[in-house]
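K.L.:
Protein sequence lines, in the order shown, are assigned to chains A and B. Straight run, no breaks: the first sequence in my numbering ends on number 815. Straight run, no breaks: the second sequence in my numbering ends on number 555. We treat Cβ as the ideally placed atom computed from N, Cα and C, and that holds for glycine.
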Amino acid sequence: MLSRVADNLYWMRRYVERADQIARVVRVNMDLAFDRAPLEVVQLWGRLLSGLWSAPAWAQVTRESPTDALSDLTNIDAVASCVAAARENARQIRQHITGEMWDRLNGVHLALNDPARRAEWAQRPHGFFQTVREAAALFDAAIADGLARDEAWHFLQLGQFLERSASTARLLECQLRAPVPANESDRLLDEQLEWICLLRACDALELYRHRHRTELRPDHIVRFLIADQLSPRSIRYGFDRITETLAALAEAVPAQPAIVVGSALTDAVRVLEARDGPAVEAVCAIQGECDRIHRMLRATYIDHQQTVAPVANEGAAWITR
Amino acid sequence: MSDGEVAPAIFANYTHGRSYDEMFEKADKHRPHYDGIHHRLCSLPLEQWRERQHAADLAFVTHGITFTVYGRSEGVERIFPFDLLPRLVTAAEWHVVERGLTQRITALNHFLHDVYHDGRIFAAGIVPRRLVRECRHFRREMIGVSVPHDSYLTVVGTDLVRGPDGRFVVLEDNLRVPSGVSYMLGNRQVVKQVYPQLFERYHVRPIDHYPRMLLAHLREIAPAGCVDPKIVLLTPGVFNSAYYEHTFLAHEMAIDLVEGRDLLVHDNTVYARTTAGLERVDVIYRRVDDDYLDPLTFESKSTLGVAGLFNAYRAGHVTIANAVGTGVADDKAVYAYVPAMIRFYLSEDPILDNVQTYLLDNPADRAYVLDHLAELVVKPVGESGGYGMLVGPHSTAQQRSEMRDCILANPRNYIAQPTIALSTAPCLVDDGVEPRHVDLRPYVLCGRSITVVPGGLTRVALQRGSLVVNSSQGGGSKDTWVLGA
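#1: Output yes or no for whether 8 Å exceeds the beta carbon distance between Arg498/A and Cys576/A.
#2: Using the three-state DSSP reduction, which class does Val555/A fall into: helix, strand or coil?
#3: Please report the straight-line C-alpha distance between Leu443/B and Pro409/B, rounded to a whole angstrom.
#4: Closer than 6 Å by C-beta to Arg357/B: which residues in its own chain qualify, once you throw out the five before and the five after it? Chain order, please.
#5: Say whether chain B places a C-beta atom closer than 8 Å to the C-beta of Asp734/A.
#6: As a quick exercise: from Glu745/A, Ile690/A, Ser659/A and Glu700/A, pick the residue whose alpha carbon is nearest that of Ile780/A.
#7: Give the secondary structure of Pro505/B by DSSP, where H, G and I count as helix, E and B as strand, and everything else as coil.
#8: Can you name the start and end residues of the beta strand (DSSP E) that Tyr407/B belongs to?
#9: Taking the alpha-carbon positions, what's the Ala773/A to Thr737/A distance?
#10: Would you list the residues sitting across from Ala762/A in a DSSP beta bridge?
#11: For chain A, check one thing: does any of its Cβ atoms lie closer than 8 Å to the Cβ of Tyr90/B?
#12: Using a Cβ-Cβ cut-off of 8 Å, state whether Asp697/A counts as contacting chain B.
#13: Does Ala749/A have its Cβ less than 8 Å from a Cβ in chain D?
#14: So, using beta-carbon positions, are Leu766/A and Glu645/A closer together than 8 Å?
#15: Between the region 166-183 of chain B and the region 504-519 of chain B, are three or more C-beta pairs nearer than 8 Å?
#16: From the beta carbon of Tyr795/A, is the nearest beta carbon of chain B less than 8 Å away?
#17: Please classify Ser757/A as buried or exposed, where buried requires at least 16 neighbouring CB atoms within 10 angstroms.
#18: Could you check if Arg598/A is buried or exposed, using at least 16 other CB atoms within 10 Å of its CB as the buried criterion?
#19: When you compare the CB of Asp332/B with every CB in chain A, is at least one pair closer than 8 Å?
#20: Within the same chain, show all residues whose beta-carbon is closer than 6 Å to that of Arg271/B, passing over the 5 residues directly before and after it, in chain order.
#21: Rounded to the nearest angstrom, what separates Val573/A and Glu667/A at their Cα positions?
#22: Can you give me the start and stop residues for the alpha helix (DSSP H) that Phe152/B sits inside?
#23: Leaving out the 5 sequence neighbours to the left and right, which residues in its chain are closer than 7 Å to Asp697/A when beta-carbon positions are compared?
#24: Within the same chain, show all residues whose beta-carbon is closer than 6 Å to that of Val197/B, passing over the 5 residues directly before and after it, in chain order.
#25: Less than 8 Å between the CB atoms is what I'm expecting for Ala382/B and Val439/B, so what's the real figure, rounded?
#26: Where in the region 75-135 of chain B do unbroken runs of the beta strand (DSSP E), each at least 3 residues long, occur, reported from the N-terminal end onward?
#27: How big is the Cα-Cα spacing for His219/B and Val755/A?
#28: Under the DSSP definition of a beta bridge, which residues are partnered with Phe238/B?
#29: Quick test of your reading: Val777/A and Ala695/A, contact by CB under 8 Å. State the CB separation rounded to the nearest angstrom.
#30: Can Gly233/B and Tyr405/B be called in contact, C-beta distance under 8 Å?
#31: Count the other C-beta atoms from every protein chain shown that fall within 10 angstroms of the C-beta of Arg789/A, then say buried if there are 16 or more, exposed otherwise.
#32: Taking just the CA atoms, how far does Lys262/B sit from Phe269/B?
#33: To the nearest angstrom, report how far apart Ala491/B and Met283/B are at their CA atoms.
#34: Residue range of the beta strand (DSSP E) that Ala342/B falls in?
#35: Who does Tyr513/B pair with in a DSSP beta bridge?
#36: Which residues in chain A sit within 7 Å of Leu327/B, going by Cβ to Cβ distance?
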């Protein structure tokens, strides 16, 4: 497979995952705005935004006008630019993806840029979240049912789970670094709300409830998001898929050396279980490992000799190429 | 409609001018081979035609069959406007076109070999050497370079038009990287999809095998000794106006679609960068102009090409199709000499005629043209896509005066031709069917043999009365049916 094709597949999948993630964070904040005092909303908003490393492109949400999250349109643009980048990658490899995959991406791209739909979403934001969620889900389904489990599939898997693991780790880090309010009674209520927000931002609230039928406990949530083996939103689940895929890729392309996943995740799990050291450092180490795998992947399969120009978007940049 | 019958309302605005009309022999009589189409037009309500036309437009959008328009702040993706009514060519007419194109392209291929080798045609005084040497697309670097089977032209898209007498004449030879074949194939698919009944009563010759034929011809011209050649399609990339076509053809031929950055040259051999390392490339079907192929040999600022490609080519380690330097033979001034080439190389009379052409570095021609700018079409010799052209009868005094200055500044850069009343074909418009001017671009594939694909792209000037059919200038297209015997 051409290196550039592998690169396009990988980034196409990353950008779809990212679009879905950003839409989810906007939604969580918008819902939260109804329940909180104005100033606090801004704080949490800023924290989650910095979690996505793209704060300047975001609109603030305030209690007075919670739906500004969409009427301002910059948040739609943040999602739309990710979708546009995914589509642009797809456009270059149409012979390697299915018509169904293209139709899904092209369809959501056209919808996000349709002035009538945008005006409608500014009034009823729910439709926007629905559109993005459905497009991402149908895109996934098109991949799951439409593609052979060959090299192309491996690069898609890596794109999906590296993006997801890194963003979960990043959001977790922001939550762990959050300042604790001085007032005791506020603290309990706030913590509850914020941890629920975190789970929802990771699309993991229902999964958590199914796995832990107890009250919400921060330490359980942290362990769940990092180490739960069975939940597709946990970092452990993502790393298991990444490990499998790297092994399968090494088998499919014997000419290249295999990439081995490092110990950052197992170290983090040990720290959490032994309560031996600050969780936030372990979470940072996981992000570092995602970045290292990303760089190894490029060095091994894509940039043999020279750097390839990216299809990157400033506003939605995360790991930029 | 038989004589005396009243024309149905759908033809209320169908005017009959000086041009040859593809469907109507006379105002009240259609040509026999249009029976089936005419019958449908008379029997199906206009509403339903509109619905089908709409379904066709939608099919192009959803399939992403688009092209990019240049000259705006950024590339804009557009669909190529499509008219549902097919354009018909009878078996007898096609027989002439097929023989004529085969003859013409055989002669042009001889000419290319001659230009870059012995120059017999110059020595014989048939074509002035100066004319060729001054051509912008002449490639000095190609002198003495051999190409497999002496085959310079792999894909040709010749533009034909029908004059008022109904005969096809050649308007332009496109010998570099002709495009549009995906529309030829797409148009057929869409008509089959939205109005299959139209095919009843017709034997339309198939064209779907085009990509397979192209692949077969590309295999034929692989470097000598290459058993299972690795063939790639080289595209300038996603911002090129014909990008959709590049992806389509690569997909249909099941070959890699590569950009310059995917290839590298090591030790005079071309390789593709793959996830498994470097893989040797034997044949490059390029959709990149000569200028941008190799920054070391041609345009040094180009980022579309591959450094060292030309040396690998000259060494015979890779085939580039079409060959480098073919543009010298589709220069619009060289065009005037093609009938003479046919006589010189093949000792035959041309089957398809040229359009009368004035060469503006000839003082007598130039004086005539400058006096008659309002009647003539003036074209730059090295351009394609209708850029930089003056259509005299539709021009303003200012445009003519600007063109006069351009001609006087660089006469070799222009030719002039009489304004041809292109034939008209029926097209669906808002309130019925009206005639619009059309041309025809058949596609010809060459390797060890020559294949004229039975069909082509019929381009339509969608504006009433307009003679400009280029997609970049607001033209559209139709499906083209070559009928079986």
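P.N.:
For this structure:
#1: Arg498/A places its beta carbon 8 Å or farther from that of Cys576/A.
#2: With a pLDDT of 46 at Val555/A, under the threshold of 50, the predicted position of this residue should be treated as unreliable, and no value is reported.
#3: In this structure, the alpha-carbon of Leu443/B lies about 25 Å from that of Pro409/B.
#4: Val247, Thr305 and His316
#5: no
#6: If we check each option's Cα against that of Ile780/A, Ser659/A comes out closest.
#7: strand
#8: That residue, Tyr407/B, is in no beta strand (DSSP E); it is neither H nor E in DSSP.
#9: Straight across, the Cα-Cα distance linking Ala773/A with Thr737/A is about 23 Å.
#10: For Ala762/A, which the question treats as bridged, DSSP gives no partner whatsoever.
#11: Between Tyr90/B and chain A, the shortest Cβ-Cβ separation is not below 8 Å.
#12: no
#13: Here the protein chains are A and B, and chain D is not one of them.
#14: No Cβ-Cβ contact shorter than 8 Å links Leu766/A with Glu645/A.
#15: As far as the Cβ criterion goes, the region 166-183 of chain B touches the region 504-519 of chain B, which means the pair count is three or higher.
#16: yes
#17: exposed
#18: buried
#19: So, interface residue.
#20: Gly106
#21: 22 Å
#22: Per DSSP, Phe152/B lies in no alpha helix (DSSP H); the unbroken beta strand (DSSP E) holding it starts and ends at Phe152 to Val159.
#23: Arg518 and Arg727
#24: Excluding positions up to five away in sequence, the list reads Ile191 and Tyr407.
#25: At roughly 44 Å, the Cβ-Cβ gap does not stay under 8 Å, so Ala382/B and Val439/B are not in contact.
#26: 94-96
#27: So the alpha carbons of these two residues sit roughly 53 Å apart.
#28: Arg232/B
#29: Incorrect: roughly 15 Å between the Cβ atoms, too far for contact.
#30: Result no, Cβ atoms of Gly233/B and Tyr405/B do not sit closer than 8 Å.
#31: exposed
#32: Looking at the two C-alpha atoms, the distance is approximately 8 Å.
#33: 34 Å
#34: Thr339 to Thr344
#35: Gly227/B
#36: Gln589
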